[in-house]
Amino acid sequence: MALIVKKFGGSSVGSVEKIMAVAKRIIDEKKAGDKVVMVVSAMGDTTDDLIALAKGINKDPYQYSREMDMLLTTGEQVSISLLTMAFKTLGHKAVSLTGPLAGMKTNSVHTKGKLVDIKPTRVHEELDKGNIVVVAGFQGCDELGDPVTLGRGGSDTSAVALAGALKADSCEIFTDVDGVYSADPRIVKDARKMKEITYYEMLEMARLGAGVMQPRSVEMGKYFNIPIHVRSTFTTKTGTMIREEYTMEEKDFVIRGVAHDEKVAKIAVLGVPNNPGIAYSIFSALAEASVDVDMIVQSIRNIEKNVTDMVFTVASSDLSQAKKIVDRVADQLQAIAVLVEEDVAKVSIVGAGMLGNPGIAARMFGALSKAAVNIEVISTSEISISCLIKGAQLKEAVNAIHAEFFPQK
Ligand code: ADP
Ligand code: ASP
Ligand code: MG
């Protein structure tokens, strides 16, 4: 007898036919006595459609972040009720639970909440009654009971965290690709499927834009030390295992993958006085508003006038909020100007094997140079190198870098 958590993403439950197919598959694969918890996302593009509705009312709806959460949580409620009805129609006991009913407690940072506690008492009770439990991903509630969503792609985090809290025997993420690839297979035709990848490298891939897993879900997997199996909804093939360490030959790769992120924007604060505390004023104001800042470059602009430029990137979804904050601080600092560039993208290579392998950065820059892609900003971590480039050149950049590190055999 096993306790299994299975998460199905939006494209896997994009129509009533697909919901019915998911229910049939679960029933076919369920062994007698198995306890099954399903975590599901909103159907197809529902979340995007709900955001578009809100934008019809106000072009910057995220300023009303609590109301955005009230709106966005409805998407997952549609899928849990329909999937539960599908199980019942097929003659099986099932019950749907919203995130709050499943005990998912969050902080109060609306639209990018973090899980702070999970008390899945009700989930256990319903499993003990013989139900398949269908939980809404992406959502929880704060101390007041207000709905809070976990950021885009947050159902992955709901699933892995719930699997950890339930001490599940396995956690499977079903999606529209059959595993984690060396690059987004929608962009790189010859991307290679990985048999396994460590939490460490997957977290970096996800953080740098590989949307197949939400970064926080990988952190949760590591925290609970629960292996995550990423696999296809539409086939029964084995997918990719995300786990602590490699068990096979794959540890020999220097680079594990190429990640990209189109949803970034560049902000440049020009001509700020080059005094102690300037970076602090800008970035503490952004942090207070929970705006994550990514690549940061500070340069001496004019030594005589003692002013500098501060260039950094934020997620596109945070741009309007970030711009308001930076305009205010720049004004106080008497900066010359604040410029915003939206047509940028970030391309990155990831791999623990690059530690102690000095030629890797040069190979990445060489591939970009051969493809005539100009690099605007570079940043590095222990196991990744990222370049900010023009958005229009993203596809060729990703393919050029991938071809350099994963030549066709
Ligand atoms: P779901 O709705 O199931 O959560 P997502 O769209 O969030 O699915 O994630 C799956 C998508 O992630 C794939 O269709 C693929 O285009 C994208 N993706 C990006 N990078 C990778 C990668 N390295 N490996 C696999 N898929 C990736
Ligand atoms: N429906 C949410 C989104 O589109 C959560 C998820 O799919 O994981 O971001
Ligand atoms: Mg997803």
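Counting in the working numbering, the sequence shown runs from 310 upward without gaps. Where a beta carbon is used, it is the ideal one built from N, C-alpha and C, also for glycine.
{"Asked": "Confirm the yes/no value for this check: CB of Thr356, any heavy atom of ligand 2, distance under 6 angstroms.", "Found": "yes"}
{"Asked": "Let me confirm a value: Met522 is counted as buried when at least 16 other C-beta atoms fall within 10 Å, else exposed. Which label applies?", "Found": "buried"}
{"Asked": "List the residues that DSSP assigns as beta-bridge partners of Arg540.", "Found": "Phe483"}
{"Asked": "Tell me whether Thr545 is buried or exposed, calling it buried when 16 or more other Cβ atoms sit within 10 Å of its Cβ.", "Found": "exposed"}
{"Asked": "Among residues of its own chain, excluding the 5 on either side of Ser390, which ones have a beta-carbon nearer than 7 angstroms to its beta-carbon?", "Found": "Ser405"}
{"Asked": "Under 8 angstroms, with one C-beta from each stretch per pair, do the stretch 646-659 and the stretch 562-576 reach the 3-pair mark?", "Found": "yes"}
{"Asked": "When you get a sec, list the residues whose CB is within less than 5 angstroms of any heavy atom of ligand 3, chain order please.", "Found": "Gly318, Gly462"}
{"Asked": "Would you list the residues sitting across from Met619 in a DSSP beta bridge?", "Found": "Val578, Gln607"}
{"Asked": "Should Phe447 be listed as close to ligand 2, given that the test is whether its C-beta is under 6 angstroms from any heavy atom?", "Found": "yes"}
{"Asked": "My guess is that Leu424 and Ala395 are in contact by the Cβ rule of under 8 angstroms, so how many angstroms apart are they, rounded?", "Found": "The pair is not a contact, with the Cβ atoms about 27 angstroms apart (cut-off 8 angstroms)."}
{"Asked": "Can you tell which of Ala639, Gly668, Val623 has the C-alpha that lies nearest to the C-alpha of Leu650?", "Found": "Note that residue 650 is Glu in the sequence shown here, rather than Leu. Among Ala639, Gly668, Val623, the Cα nearest to that of Glu650 is on Val623."}
{"Asked": "Is there at least one non-hydrogen atom of ligand 1 closer than 6 angstroms to the beta-carbon of Gly520?", "Found": "yes"}
{"Asked": "What beta strand (DSSP E) runs, 3 residues minimum, are completely inside the stretch 339-402?", "Found": "344-349"}
{"Asked": "Between the stretch 666-674 and the stretch 625-636, do three or more beta carbon pairs fall short of 8 angstroms?", "Found": "no"}
{"Asked": "Quick one: is Glu326 buried, meaning 16 or more other Cβ sit within 10 Å of its Cβ, or exposed?", "Found": "exposed"}
{"Asked": "Within the continuous beta strand (DSSP E) that includes Thr507, where are the two ends?", "Found": "505-507"}
{"Asked": "Can you say whether Lys340 is buried or exposed, counting buried as having 16 or more other CB atoms within 10 angstroms of its CB?", "Found": "exposed"}
{"Asked": "If I measure Cβ to Cβ from Gly530 and keep anything under 7 angstroms in the same chain, skipping five residues before and after, which residues do I get?", "Found": "Val469, Tyr508, Ile537, Ile551"}
{"Asked": "Give me the DSSP bridge partner(s) of Ala654.", "Found": "Ile698"}
{"Asked": "CB-CB under 8 angstroms to Gln607, same chain, minus the five flanking residues each way: which ones, in chain order?", "Found": "Ala588, Thr617, Asp618, Met619, Val620"}
{"Asked": "Thinking Lys402 and Ile441 are a contact (beta carbons under 8 angstroms), I'd like their distance in whole angstroms, please.", "Found": "7 angstroms"}
{"Asked": "Can you tell me whether Asn708 is buried or exposed? The criterion is at least 16 other CB atoms within 10 Å of its CB, across all chains shown.", "Found": "buried"}
{"Asked": "First and last residue of the alpha helix (DSSP H) that includes Met663?", "Found": "Run containing Met663: none; DSSP gives neither H nor E here."}
{"Asked": "How far does the alpha helix (DSSP H) with Ile687 in it extend, from its first residue to its last?", "Found": "Where Ile687 is concerned, there is no enclosing alpha helix (DSSP H), although the beta strand (DSSP E) it sits in stretches over 686-690."}
{"Asked": "With DSSP run on the structure shown, which of helix, strand or coil describes Val527?", "Found": "helix"}
{"Asked": "Closer than 6 angstroms by C-beta to Val418: which residues in its own chain qualify, once you throw out the five before and the five after it? Chain order, please.", "Found": "Ser599"}
{"Asked": "Please tell me whether, using a cut-off of 6 angstroms, the distance from the CB of Arg565 to the nearest non-hydrogen atom of ligand 1 is below it.", "Found": "no"}
{"Asked": "Classify Tyr555 as helix, strand or coil using the three-state DSSP reduction.", "Found": "coil"}
{"Asked": "How long is the line joining the alpha carbons of Lys504 and Asn584, rounded to whole angstroms?", "Found": "50 angstroms"}
{"Asked": "Got a sec, what are the start and stop residues for the beta strand (DSSP E) Thr415 sits in?", "Found": "413-415"}
{"Asked": "Should Ala361 be listed as close to ligand 2, given that the test is whether its C-beta is under 6 angstroms from any heavy atom?", "Found": "no"}
{"Asked": "Can you tell me whether Leu648 is buried or exposed? The criterion is at least 16 other CB atoms within 10 Å of its CB, across all chains shown.", "Found": "exposed"}
{"Asked": "In whole angstroms, give me the CA-to-CA distance for Gly700 and Ile684.", "Found": "11 angstroms"}
{"Asked": "Sorted by chain position, which residues of the same chain lie with C-beta nearer than 7 angstroms to Leu312's C-beta, five sequence neighbours on each side aside?", "Found": "Lys344, Leu475, Ala477, Asp478"}
{"Asked": "Between the alpha carbons of Gly665 and Ile710, how many angstroms are there, rounded?", "Found": "20 angstroms"}
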